[in-house]
Structures are given as structure tokens and as C-alpha cells.
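Read the structure below first, then the notes.
There are 2 protein chains.
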Amino acid sequence: MSAPTERITIKDVAAAAGVSKGAVSLAFNNKPGVSEATRERIFAVARELGWAPNSSARSLSRQAVDTIGLAICRPARLLGLEPFYMEFISGIESVLAERDCSLLLRLVGSVEEEIQLQERWWRERQIGGSILVDLRKDDPRIAPLRKSGLPAVAVGHPSLTGGFPSVWTDDATAVGEAVRYLAALGHRRIARVGGPTGLGHSAIRTEAFEAVMAELGLGPGVHVETGFSGEEGARATRSLLLSSNRPTAIVYDNDIMAVAGLGVATEMGVSIPDELSLLAWDDSQLCRLTHPTLSAMSHDVHSFGAQVTRVLFDVIAGQEAVSQPAALPQLVPRGSTAPPRS
Amino acid sequence: MSAPTERITIKDVAAAAGVSKGAVSLAFNNKPGVSEATRERIFAVARELGWAPNSSARSLSRQAVDTIGLAICRPARLLGLEPFYMEFISGIESVLAERDCSLLLRLVGSVEEEIQLQERWWRERQIGGSILVDLRKDDPRIAPLRKSGLPAVAVGHPSLTGGFPSVWTDDATAVGEAVRYLAALGHRRIARVGGPTGLGHSAIRTEAFEAVMAELGLGPGVHVETGFSGEEGARATRSLLLSSNRPTAIVYDNDIMAVAGLGVATEMGVSIPDELSLLAWDDSQLCRLTHPTLSAMSHDVHSFGAQVTRVLFDVIAGQEAVSQPAALPQLVPRGSTAPPRS
DNA sequence: GTGAGGAGCTTTACCGGTTCACCAACGGGC
DNA sequence: GCCCGTTGGTGAACCGGTAAAGCTCCTCAC
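Residue numbers (our numbering), protein chains in the order written: chain A, 2 to 343; chain B, 2 to 343.
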């Protein structure tokens, strides 16, 4: 693909500057061995000729590549809706930009496909390392990718990442905080609408939810495990609101589902927050656009992405990278939570 | 970056299979010159050794690269929220996957930065071509990038793309359809909340809006040109609802602003759709989650992305690619539009 | 019997950088 | 005058593929 027109190479630059290829290379990599004067002359010539080192040639001889991979495995319609990923990606890129690196992105349809892709990327040396997201319980990616030797960082609790260094948000503590907050407002029937059971962090949140409910003497909490889409959030909310023992507060696993929940409640004539409190997760701008505005467990996804990427660079550099928690999500109370009526 | 452990090369495979490098290359590129038996033996050995051709070496000797670029220039927080891009990207990738190509993604802070980046990508031969999005009036990217020789396709009306082949949605016709629909419902005071004036398609929509309003004898339409964020949409809606000559219908330039508008209306006690009709643009799942659900001008963003990418491949292949319109947005009436109350 | 033609490989010359061994010139110490 | 260490380069080997030319057989026509 692509037959360029000009094809200026390091040789042309060297000839024009009256030096050898090697000198040009030294100059461009800021290595000692050329005088300041020649260095400047080389730069001037390069600028004039519009030359920049060919990246394939460069990574071939350096035996290193300056691209990292990210494969996301969710249906596209859903992905578009989740503010999470774009913010996460922008965090990744803030670090990549500092180092003149790039992000190779791919949306895949299944974990199996992702495994194939990551292995291929790595075998072909298209990427120097990768970020693994959406970790599941007993994630099938772990074994083959560890074996392949791909440098990677996983996003998820260390208990899920099977030896890959990881960066994670402390979901257990955050869930605890959320529930305690609602309990402090006076809620006793608290429900949770969670993401897919297969996803590692869903499981962790579920467990934490049950634990804190028990600890507070609020009995086994009701929770619905569903998908991540608004439609699923709507359906879950509807069924909770129609149940005999209707909750007075619902905690959602993302903000799309919370928005959908708000829609359903409004539709059913359930007044928010008087008759029902809603608490979203992954606070995005969306939570401030509804009426009432949505209280949420907020976390800085941008910084999270940046942190993950920094750890990845450590791994790639061969340093013994350490798994580390990201900042704890913060509760941001807004208009959708209040003490239960009566 | 990245010091791999094993380093199996084509030479190892050749040795193990008892043939020359050339034969392995021929086999892997499905070229004639090796017998079926040898081809299979080579594949077997490669599989066993876990070898795949090094992509840098490959693109170096082929003088071609199998990556295309996409730079998006908007603040991240905003980007995350717009379902548009992720869907667009997924459309791009559906085509890339067919051809074993990859997408190099970068979020940039300004057009100037984008120009630098695209030029660098191209000079370094990191990409074989690029997709230009968010075209402005007299877009500053056009001149330098044309000059650089970068193969590219622009997303936007041909009047904006200055010689780059383009794929565009017929915004003018779509705006006409939207306004006519509202007029047919009986609305006479129709307002529009548009995106940034600088953006080419905003200007086109604005012009079309005025034209159709005049044609229908509804006088000069009121429109607010604002950003793309929910907050801006909320502010615009608030000012429209407080104006002396309050509109009975509002058309938004994306769906986030429409959702925000709905929030504001609800907050102000303006009943939707009885007292006010709202029409969103870029129909995403979001429009089905609110109560009432949002009527929208819907278009298939995924296919749009795919179409753009196909045209880009034509350009890269050196074919005289032709600019072409994408499918026309379709009006999807839902709960937020109705005849105005008396 | 011979020459043309083709299938099936091998050889070799790149692609455009980086890196490393080597070298010339110069300055300084003794 | 001699040796030594720096500074500022050069030249060639390499990175791991692809592509085109060349070399062997083997078959088949005449």
C-alpha cells in the first residue's frame, strides 16, 4: 500500500550535508560524535529536504518498536456510549505523546479474537507491549499471552491478572463507601444493578456489596447482574421497581445504566430522589445533564489511563514493575440521592 | 523499547524447513514458485516455531505500510461523551480487519498540532494514508497536507475539502427534512442549537436551516451557535426557553445537547413534548434511554466510517477516488416531538 | 538429440536506518 | 620527540524481510 512520490533517505541528507550516513544518524539521535556545527548543518539540510527517519527502518535496526496495543472487546454500539474508553484512551495518549509513541487500537468481537490479535501483534513486532482491559474471572488471555512473552499491563485487581502487573481501582472499598452513604441517608432496601458476572470487577463489587450490606445488618442486598447497556439497565430497573419489596435506593455499575434507570423511574411516575435514590458509577458529564442530576462514584479515568501506560513503559523497559492501585473513586452527591421518604 | 526474548527470524524457519529464505517468503505471501508440499512444510515449521514475519522488515522492503492514521482534535472529556467517534472508529476497523491493517489513533489539542502530527506520520512512513475529520471552513490542514502528498480522505462536504476526496452526509437535505417535519406537526417557532461555527458542517446546516425556514415562510429561524458539550446545550436551551418569543420546537446538532436540553426543560417545568418538541441529531442509544425518548435524525455512523475507509484505500492504491455522499440521515420520531399545544 | 519452456528453488541485491570498530588530527604532559 | 587521550568523524556490517535474476532439472515438441 502507498507508493510515495519523493523518497528522500538518510543518504540524500548525508550527501547534501557532506557527511556520512552515520553522522546523520548520530545527529538525529542526539548522540555524541558530531560537532555542534555539523549537527546544525545536518538539521538544516534535513529540514530543507523535509526528511524524517523512516520508522520501519528505524525499528528494524533498533530491534524495538514505539507502538503499544489496545484491543477492546465490546460491541461497537455499546462502546460508543461508554464515555469510559475515550477518556481512558486520552489518558494513555497523554503519556504516549511525551515519548513520541503511538497507540494501535483495535475493536474485537471476542476474547479469542483478542488473543489471536495480541499474539500476532507481538510476533510480528508491531507493538512493544499492550494494555489488557476488561479482565474476567480466570481470564483466558492470561495463559497464552504470558507464554508468548508479550509485555503487558492488566487493568484490574491483582487477583485477576495472573502474574501480569496491574493497575486497579479499589472497587471493594468504593462499593462500601457507596452503600454506607446510602445507609447513612436512611436507606435500608438498597439494590445494585451490576455489569456482566464474567467481568472480574463486577464479581469483586458484588462480593463487596454483599459484605457491606451484611455488616450493616441490611440483610442480603438485592442485585441484578446484567450487561452494560442502557437497555439492560432500564430493564433491570423496571424489574426492581415492580418487585414486591421495592428498593429505596439503587447503585449502578456505570452511568449509562443509571441514566436509563432515571428514565424508567420517571416513566413509571416514581419521583427521584423522593421515592427512590439513584447512584451512578464512572461519573461522566452525562451525570450532570439529567434532571435531577445524578449522584455518582466518580473517578479520574484520564489519569487512570496515564498511570496504566506509565507502568507499561516500565514493563517494556524490563523493570520489575509493581502492581499499584489507582486513586480511589470519590462519592459526588448530586440531585438523585436523598433520605427515603417517611 | 522492548527487548524480545527469542528472536526467531525467517532464517531460522528456512533452516528448519531445509529451504532458503526466499522460499519461506514466497510461501508466506502466497506467491507461486514453491510446491504445495514445501509450502505446507514451511507453514508447519513456522507454526511450530511461532514465527510471523517481522512487520518493520516487511514494510521496509516492500516500501509500503499497512497502517492508517486518525487524529481527532477535541478535548477528551467531550470526546468520551460523543458516541459518534467510537462508532465511526468501529466502522473504520471493520474494513481494516478485512485487510489486516491497523489504525493509528491520536487525540490532539489543536489543528496545528494535528498538521504537525500528520506530516510527521507521513514523512516517517508510519502511515499509508489518513482520514481527516471535523473539517472547518477554510481548513488550515488542507494546504500543508496536500503539499506533503499524504494520501487522505476528508469527512465533509466537497466544498470544504479543497481537493481531497471526501465522503459526506448531506446535512442540508437532512436539516430540511427535520424542519419540514416539525413544520408539518404545526410548529412555527422552530429554533436550532448548532455546533461551533468554525466547523464546516455547522455552517452548512445553519445555511440550510435559514433557507428552509424562509421557504416555509417561518421567518428567520432562531439559532444559537455553541459548542458540542452537554453544558453548552443546556445553556443554549435555557436561554431559548427564557426568551420572549419562546420556540415550540428545538433542533439540536448532536444527541448530548438534546439530552441536556431535555434536562433543562424538565427542570424548568416545561413539559415535553406538549409544550416543547426536541429533535436530536446523531441518534445513539442515548436517545432511547431518556423519558420521553428523543426523536432524532439518525444515521449509520458505523457504515459511514467503513465507507470512508474504503475510499481511503482507493486513494492509497493510486486510483482516482471519487467523492461520494453517505446515506442520508433518517428521521426517527419518538416521544419528544408532537404537535404544539394550541 | 536438441532446444524451448516451465516449475521449483537458490542467490543476491536491495529497503533505510543504527551501531560499532577503526582512524585521523590535535593538544598536552613529560 | 613520543605517547596518550579526546574529539569528530568514516565505513561496513547488520536488522529481517522482499523481489528479481539465475540456476537446475524435467518434460515435451519436432
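Glycine included, each C-beta is placed from N, C-alpha and C at the ideal position. A quick note: this is a predicted structure, and the numbers were derived from the prediction, not measured.
query = Between which two residues does the alpha helix (DSSP H) harbouring Ala98(B) extend?
reply = 84 to 99
request  = Return helix, strand or coil for Met298(A), following the three-state DSSP convention.
outcome  = In the three-state scheme derived from DSSP, where H, G and I count as helix and E and B as strand, Met298(A) is classed as strand.
inquiry  = Whether or not the region 134 to 150 of chain B and the region 289 to 299 of chain B are in contact is what I'm after, with contact meaning three or more pairs of Cβ atoms, one per stretch, closer than 8 Å; do they touch?
reply    = no
ask   = Just how far apart, CA to CA, sit Glu83(B) and Pro330(B)?
value = 17 Å
query = Pro221(A) CB to nearest chain B CB: under 8 Å?
reply = For Pro221(A), the nearest beta carbon of chain B is not closer than 8 Å to its own beta carbon.
query = Of all the beta strand (DSSP E) runs that stay within the bounds of the region 117 to 193 of chain B, which reach a length of 3 or more residues?
reply = 130 to 133, 153 to 156, 167 to 169
message = Would you say Asn255(B) lies against chain A (beta-carbon separation less than 8 Å)?
response = Chain A contact via Cβ: absent.
task = Whole angstroms is fine: what's the gap from Ala175(A)'s alpha carbon to Ile205(A)'s?
result = 11 Å
query = What are the partner residues of Leu280(A), as DSSP defines its beta bridges?
reply = Val252(A), Ser296(A)
key: Whole-angstrom distance between Val134(A) and Ile73(A), CA atom to CA atom   = 7 Å
Residue from Pro248(A), Thr310(A), Glu99(A) with nearest C-alpha to Ala322(A) = Here the closest residue by C-alpha is Thr310(A).
key: At least three beta-carbon pairs within less than 8 Å, the region 225 to 234 of chain B to the region 252 to 259 of chain B   = yes
message = If you reduce the DSSP assignment to three classes, tell me which class Gln64(B) lands in.
response = coil
request  = Pair every Cβ in the region 98 to 111 of chain B with every Cβ in the region 283 to 293 of chain B, then say whether three or more of these pairs are closer than 8 Å.
outcome  = no
query = What residue range is occupied by the uninterrupted beta strand (DSSP E) comprising Arg107(B)?
reply = 103 to 108
request  = Kindly indicate if chain A contains any beta-carbon less than 8 Å away from that of Leu280(B).
outcome  = no
message = Going by C-alpha to C-alpha distance, which of Val96(B), Asp101(B), Ala15(B), Arg48(B) sits closest to Gly306(B)?
response = Val96(B)
request  = Under 8 Å between beta-carbons, which chain A residues line up against Arg342(B)? List them in chain order, please.
outcome  = Going along chain A, no residue has its Cβ under 8 Å from Arg342(B), so there is no contact; the nearest lies around 20 Å.
query = Rounded to a whole number of angstroms, what is the C-alpha to C-alpha distance between Asp172(B) and Pro197(B)?
reply = Roughly 15 Å between the two C-alpha positions.
inquiry  = Within a Cβ cutoff of 8 Å, which residues of the same chain sit near Glu88(B), ignoring the five residues on either side of it in sequence?
reply    = Ser285, Val302, His303, Gly306
query = Distance, Cα to Cα, Ala24(A) vs Ile93(B)?
reply = In a straight line, the C-alpha of Ala24(A) is about 41 Å away from that of Ile93(B).
ask   = Using the beta-carbon of each residue, which ones in chain B are nearer than 8 Å to Ser60(A)?
value = Ser57
message = Taking 8 Å as the threshold (C-beta atoms), are His158(A) and Gly201(A) in contact?
response = Closer than 8 Å, so yes.
ask   = Apart from the five residues on each side of it in sequence, which residues of its chain come closer than 8 Å, Cβ to Cβ, to Ser91(A)?
value = His303, Gly306
key: Host alpha helix (DSSP H) of Glu216(A) (start-end)   = 201 to 216
request  = Identify the contact partners of Glu94(B) in chain A, using a Cβ-Cβ distance below 7 Å as the criterion.
outcome  = Simply Arg107, Leu108.
request  = Could you name the residues of chain A that Gly264(B) contacts, counting a contact when the two beta carbons are closer than 7 Å?
outcome  = Leu290, Thr291, His292
query = To the nearest angstrom, how far is it from the Cα of Glu276(B) to the Cα of Leu161(B)?
reply = 38 Å
key: Bridge partners - Gly262(B), DSSP secondary structure assignment   = Beta-bridge annotation (DSSP): Gly262(B) is not paired with any residue.
request  = Tell whether a beta-carbon distance below 8 Å holds between Ile69(A) and Ser149(A).
outcome  = no
ask   = For Gly336(A), which residues of its own chain have a beta-carbon under 6 Å away from its beta-carbon, when the five flanking residues on both sides are left out?
value = Pro293, Thr294
ask   = Asp315(B): which of Pro166(B), Ala47(B), Ile257(B) sits nearest, CA to CA?
value = It is Pro166(B).
query = Contact check, Ser1(B) vs Ser57(A) under 8 Å by CB: the rounded distance?
reply = The structure shown does not extend to residue 1(B), since chain B is modelled only from 2 through 343, so no value can be given for it.
request  = Determine the closest residue to Trp122(A) out of Leu263(B), Cys102(B), Glu208(B), Trp122(B), with distance taken between C-alpha atoms.
outcome  = Closest in C-alpha terms to Trp122(A), from the list Leu263(B), Cys102(B), Glu208(B), Trp122(B), comes Cys102(B).
ask   = Just the Cα atoms here: how many angstroms apart are Pro1(B) and Pro341(B)?
value = The question about residue 1(B) has no answer, for chain B in this structure spans 2 to 343.
query = Hey, out of Ile317(A), Gly319(A), Thr338(A), His300(A), whose CA is closest to Ala327(A)'s CA?
reply = His300(A)
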